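Heads up, the thing below is written out as structure tokens.
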Amino acid sequence: MSPRILLVDDDPSVRAALGRVLQDLGHPVTAAGDGEQGLAELQRGSFDLLILDLDLPRLGGIEILRRIRTAWPLLPVVILSGLLGRCPAGDLAAADACLEKPPEVPALLKIISALLQETPEQRMRRARARRAGAAPAVLR
503 MSPRILLVDD DPSVRAALGR VLQDLGHPVT AAGDGEQGLA ELQRGSFDLL ILDLDLPRLG
563 GIEILRRIRT AWPLLPVVIL SGLLGRCPAG DLAAADACLE KPPEVPALLK IISALLQETP
623 EQRMRRARAR RAGAAPAVLR
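Each residue of the sequence shown is one higher than the one before, counting from 503 in the numbering used here.
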């Protein structure tokens, strides 16, 4: 089965457009429009990657990221947000990649592909590096 992706963004046009691109590539996509719904989807299902906006209603992206790293430390997380320039780097350190909105779709797909192809050992090394304070790949 193709890797499952959870897309959490409060902008319906982003969810629709990016969801369509990922589905066309064969990925089952579940979309959530706010932070609480996104966290509930994570608790209900099994996902291989999370694409997360930071500026979300009901529960912000940084708080979701903190909870994910406690409950799902190996889940690859790509931050996709217009707030990267206003967010302290320490808050983004738990992400695996960060892209400014609107993203260049080929760059986003390359990052997604690389994260989904990682072995469990590579994910463990990345998780250890995050805990040691290594910054994610921030692309603007």
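Virtual Cβ for every residue (Gly too), placed ideally from N, Cα, C. Please read all numbers here as calculations on a predicted model, not as lab measurements.
Judged by DSSP secondary structure, A533 falls outside any alpha helix (DSSP H) and instead within the beta strand (DSSP E) spanning V531 to A534. Residue pairing from DSSP places I553 in a beta bridge opposite L509 and V580.
If you draw a straight line from the Cα of A533 to the Cα of V607, it is about 18 Å long. The DSSP assignment places complete beta strand (DSSP E) segments of no fewer than 3 residues inside the stretch 599-636 at 599-602, in order along the chain.
Take H529, set aside five residues on each side of it, and the residues of its chain with a beta-carbon closer than 8 Å to its own are S504, P505, R506 and I507, in chain order. Under the 10 Å beta carbon count, S583 is surrounded by 16 or more other beta carbons and is classified as buried. Listed in chain order, the non-local C-beta contacts of K603 below 7 Å within the same chain comprise L582, S583 and G584, local neighbours out to five positions each way being set aside.
The DSSP-derived three-state label of R546 is helix. The continuous stretches of alpha helix (DSSP H) do not include G562, and DSSP gives it neither H nor E.
Annotated three-state conformation of L585 is coil, per DSSP.
DSSP places P514 inside the alpha helix (DSSP H), whose first and last residues are P514 to D526. Contact check for R571 and A596: beta-carbon distance about 5 Å, within the 8 Å limit, so the pair qualifies. For A596, the secondary structure class from DSSP, reduced to helix, strand or coil, is coil.
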